[in-house]
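Let me begin by presenting the structure, written as structure tokens, before commenting on it.
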Amino acid sequence: MDFAGRMTAVRRAMQHHRIDLLALPPGDDLRYLTGFSPLADERPCYLFLSAKAGAFLVPTLNADQAERYIRQPFLVYADADGPASALEEVHSQFGSPRRVAAGDVMRADALLLLQRQWDDAEYVTASEILAPLRMHKTAEEIDVLRRAAATADRAVEAATAACRSGVSEIEIAQAATAGFHAAGATEVTFTVVAFGPNSAFPHHQTSTRRMEPGDPVLLDLGSKLDGYCSDITRMAFLGAPSPRYREIHRIVEDAVQAALASIKPGTPIREVDLAARRVIERAGYGQHFMHRTGHGIGLSGHEPPSITHTNEMPLEAGMAFSVEPGIYLRGEFGVRLEEIVGSTCPESLGCASRRSSSSRLRVTKFSASSRVMCE
506 MDFAGRMTAV RRAMQHHRID LLALPPGDDL RYLTGFSPLA DERPCYLFLS AKAGAFLVPT
566 LNADQAERYI RQPFLVYADA DGPASALEEV HSQFGSPRRV AAGDVMRADA LLLLQRQWDD
626 AEYVTASEIL APLRMHKTAE EIDVLRRAAA TADRAVEAAT AACRSGVSEI EIAQAATAGF
686 HAAGATEVTF TVVAFGPNSA FPHHQTSTRR MEPGDPVLLD LGSKLDGYCS DITRMAFLGA
746 PSPRYREIHR IVEDAVQAAL ASIKPGTPIR EVDLAARRVI ERAGYGQHFM HRTGHGIGLS
806 GHEPPSITHT NEMPLEAGMA FSVEPGIYLR GEFGVRLEEI VGSTCPESLG CASRRSSSSR
866 LRVTKFSASS RVMCE
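Using our numbering, you'd call the opening residue of the sequence shown number 506 and step up by one each time.
See below:
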């Protein structure tokens, strides 16, 4: 990754937004600029940048590792001493900034330390300058996202292969986790597994509920590879799907296709959301689609752009985002299908078809003899 180029771009953005000082804690913004991703704990750690200077305040235990990534002067403090004297050095180096951009995921105690150093400054969120940069991926980033998506494909395969009557949601989540790791994922970020009525909760917390014949199965799985995220949602079914399930699944699939067909550079983002939403509303289920159609993805699982019906921003080259409409019928089941796509190429970055390519898992014909069918 071109970290030097990113550093130049962020300083240019700081100048444009009249930001005198940027302060980033451990997190995705720091990784974007440096490649460094230390554990975020109670020890203050910040990258400071001004127009012409920089400094990295870091506890002793992370200093050696940070030297591989950080090209700014170090201000190191020991646990026994705390960061007070190092922060005083930062204050003397950067003077009295009028506008400070603080990292969006900064701990409250870390932010309060900054505000005590520069109590007269105006504070804004760092996303004001970093989100537009991170939103436009390079070809190298898209390639990593594609490889991350491949780990999600494997996780879906592993999860559906483990589906059988009596298995628990947690056990399927464990199978998905094993699939991620077998495919080379460096981190598993979430495994949402929802059987039957639980699938009507968009962000269900995976439980001990056991699979029963006639259960729809919602799999929403995510991982990281080299810092970049995957996110996929697929449906499976134990036994023969009911006519009602088939109807809802068809509507959601049509909504996905409508959204994908709307994607091209220059199209207002709202049109992607509306394309999916209109399909569901015309089918009479608009009130059961209660979330946006998608979200950006990159170093963070959820990042700009937000695919909502109010977002007038045009689709631009390098954007990567999810398309994931859903219908949720409380007490019955929910159906959601998710693709990760690019703004200039609406084909999925992953390969796990919404209609599984596995010979064991059928959907085009809902054969009663099929043990598990995956959509």
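Cβ coordinates follow ideal geometry from the N, Cα and C atoms, glycine included.
No experiment lies behind these values; they were computed from the predicted model shown.
- Task: Would you mind giving the Cβ-Cβ distance between H596 and Q622, rounded to the nearest angstrom? I have them listed as a contact below 8 Å.
- Result: If you number the sequence shown from 1, residue 596 lands on position 91. If you number the sequence shown from 1, residue 622 lands on position 117. So it is a contact: roughly 5 Å between Cβ atoms.
- Less than 8 Å separating the beta-carbons of N567 and P543? The sequence position of residue 567 within the sequence shown is 62, counting from 1. The sequence position of residue 543 within the sequence shown is 38, counting from 1. Yes. Within cutoff.
- Under a three-way DSSP split, which group does S875 fall into? Here residue 875 corresponds to residue number 370 of the sequence shown, with the count starting at 1. The predicted model places S875 with a pLDDT of 31, which falls under 50 and marks its position as unreliable; any figure quoted below should be read in that light. DSSP places S875 in coil when its eight states are reduced to three.
- Query: What are the partner residues of V840, as DSSP defines its beta bridges?
  - Reply: Translated into the one-based positions of the sequence shown, residue 840 becomes position 335. The partner list for V840 (beta bridge, DSSP) reads I832.
- For the putative contact between G689 and A663, defined by C-beta atoms under 8 Å, what is the C-beta separation to the nearest angstrom? Numbered from its first residue, the sequence shown carries residue 689 at position 184. Numbered from its first residue, the sequence shown carries residue 663 at position 158. That belief does not hold up - the Cβ atoms of G689 and A663 are roughly 13 Å apart, past 8 Å.
- Query: Going straight from the alpha carbon of R536 to that of R511, what length do you get?
  - Reply: The sequence position of residue 536 within the sequence shown is 31, counting from 1. The sequence position of residue 511 within the sequence shown is 6, counting from 1. Looking at the two C-alpha atoms, the distance is approximately 11 Å.
- What is the DSSP secondary structure of S735, reduced to helix, strand or coil? Reading the sequence shown from its first residue, position 230 is the one you call residue 735. The three-state secondary structure of S735, taken from DSSP, is strand.
- Message: Are the CB atoms of F553 and I575 within a distance shorter than 8 Å?
- Response: Residue numbering aside, residue 575 sits at position 70 when the sequence shown is read from its first letter. Residue numbering aside, residue 553 sits at position 48 when the sequence shown is read from its first letter. Cβ atoms of I575 and F553: not closer than 8 Å.
- Item | Nearest to V722 (by Cα), restricted to the options D569, I677 and A626 | Taking the first residue of the sequence shown as position 1, residue 722 is located at position 217. Cα-wise, what sits closest to V722 is I677.
- Cβ pair R782, H814 closer than 8 Å: Position 277 of the sequence shown holds residue 782. Position 309 of the sequence shown holds residue 814. Contact flag set, yes.
- Which residues mark the beginning and the end of the alpha helix (DSSP H) in which D725 is found? Position 220 of the sequence shown, counting from 1, holds the residue named residue 725. Not the alpha helix (DSSP H): D725 falls in the beta strand (DSSP E), residues P721 to L730.
- Message: What would DSSP say about L562, mapped onto helix, strand or coil?
- Response: Here residue 562 corresponds to residue number 57 of the sequence shown, with the count starting at 1. Three-state DSSP puts L562 in a strand.
- Message: Counting C-beta neighbours from all protein chains within 10 Å, is the total for E487 16 or more, i.e. buried, or is it exposed?
- Response: The requested residue 487 is not part of the displayed model; the chain covers only 506 to 880.
- Give the straight-line distance between the Cα atoms of G806 and D648, rounded to the nearest whole angstrom. On the sequence shown, residue 806 is found 301 positions in, with the first residue counted as 1. On the sequence shown, residue 648 is found 143 positions in, with the first residue counted as 1. CA-CA distance, G806 to D648, rounds to 16 Å.
- Message: According to DSSP, R715 sits in a beta bridge with which residue or residues?
- Response: In the sequence shown, the residue the question calls residue 715 occupies position 210. Answer is S673, bridged to R715.
- Three-state class that DSSP yields for A585 in the structure shown: Counting from one through the sequence shown, the residue named residue 585 turns up at place 80. Three-state result, A585: coil.
- Three or more C-beta pairs below 8 Å linking the stretch 649-656 and the stretch 699-710: no
- Helix, strand or coil at F579 [DSSP, three-state]: Numbered from its first residue, the sequence shown carries residue 579 at position 74. Assigned with DSSP and collapsed to three states, F579 falls in strand.
- Output the distance between the C-alpha atoms of A589 and A606, rounded to the nearest integer angstrom. Here residue 589 refers to the residue found at position 84 when the sequence shown is read from its first residue. Here residue 606 refers to the residue found at position 101 when the sequence shown is read from its first residue. Going by the C-alpha atoms only, they are around 21 Å apart.
- Have a look at L730 and T738 and give me their C-alpha separation to the nearest angstrom. Along the sequence shown, one-based indexing puts residue 730 at 225. Along the sequence shown, one-based indexing puts residue 738 at 233. Between L730 and T738, the C-alpha separation is close to 18 Å.
- Task: Below 8 Å on the Cβ atoms is my guess for D609 versus S632; work out the distance and round it to an integer in Å.
- Result: Residue 609 sits at position 104 when you count from the first residue of the sequence shown. Residue 632 sits at position 127 when you count from the first residue of the sequence shown. Between S632 and D609 the Cβ distance is about 5 Å, and since that is below 8 Å, they are a contact.
- Taking only runs of the beta strand (DSSP E) that begin and end inside the stretch 727-810, which ones reach a length of at least 3 residues, in chain order? Counting only runs of at least 3 residues, the stretch 727-810 fully encloses the following beta strand (DSSP E) elements, listed from N- to C-terminal order: 733-743 and 799-801.
- Task: Please name the residue in T665, A788 and L638 whose C-alpha comes closest to that of R749.
- Result: If you number the sequence shown from 1, residue 749 lands on position 244. Here the closest residue by C-alpha is A788.
- Task: Assign P637 to one of three DSSP states: helix, strand, or coil.
- Result: Here residue 637 is taken as the residue at index 132 of the sequence shown, counted from 1. P637 falls in the helix class under three-state DSSP.
- Task: Answer yes or no: do R714 and E674 have a C-beta to C-beta separation smaller than 8 Å?
- Result: Here the question's residue 714 lines up with position 209 in the sequence shown. Here the question's residue 674 lines up with position 169 in the sequence shown. Yes. Within cutoff.
- Query: When you compare only the Cα positions, how much space is there between A705 and L650?
  - Reply: Within the sequence shown, the letter at position 200 stands for residue 705. Within the sequence shown, the letter at position 145 stands for residue 650. Going from the Cα of A705 to the Cα of L650 covers about 28 Å.
- In its own chain, which residues sit with a C-beta less than 7 Å from the C-beta of E594, not counting the 5 before and 5 after it? Taking the sequence shown and counting its residues from 1, one reaches residue 594 at position 89. Cβ within range, chain order: L580.
- Own chain, CB closer than 6 Å to G823, minus 5 neighbours either side, in chain order: Residue 823 sits at position 318 when you count from the first residue of the sequence shown. So the list reads H641 and K642, once near-sequence residues are dropped.
- Taking the alpha-carbon positions, what's the T881 to T665 distance? Summary: the structure shown does not reach residue 881, with the chain confined to residues 506 through 880, and so no result is reported for it.
- Leaving aside the five residues before and after M506 along the sequence, list all residues of the same chain whose C-beta is less than 7 Å from its C-beta, in chain order. As a working note, residue 506 is residue 1 in the sequence shown. Here the set comprises G540 and E645.
- For R659, the first and last residue of its enclosing alpha helix (DSSP H): For the purposes of this step, residue 659 is taken as the residue at position 154 of the sequence shown. It spans A644 to A666 - the alpha helix (DSSP H) in which R659 sits, taken as one unbroken run.
- Item | Secondary structure of G537, DSSP reduced to three states | In the sequence shown, the residue the question calls residue 537 occupies position 32. Sequence inspection shows Tyr at residue 537; the Gly mentioned does not correspond to that position. The answer is helix: DSSP assigns Y537 an H, G or I state.
- Message: For D586 and F599, what's the separation of their Cα atoms in angstroms?
- Response: Counted from its first residue, the sequence shown places residue 586 at position 81. Counted from its first residue, the sequence shown places residue 599 at position 94. Straight-line Cα distance between these residues: approximately 22 Å.
- Item | Inter-residue Cα distance where the pair is R775 and D534 | The residue labelled residue 775 in the question sits at position 270 within the sequence shown. The residue labelled residue 534 in the question sits at position 29 within the sequence shown. Going from the Cα of R775 to the Cα of D534 covers about 26 Å.
- Cut-off 7 Å between Cβ atoms - residues of its own chain near Y551, not counting five sequence neighbours on either side: The residue labelled residue 551 in the question sits at position 46 within the sequence shown. The answer, listed in chain order, is A528, L529, P530 and L562.
- Message: Just verifying my parser: in three-state terms, what is the DSSP assignment at R604?
- Response: As a working mapping, residue 604 is identified with position 99 in the sequence shown. Here R604 sits in strand by DSSP.
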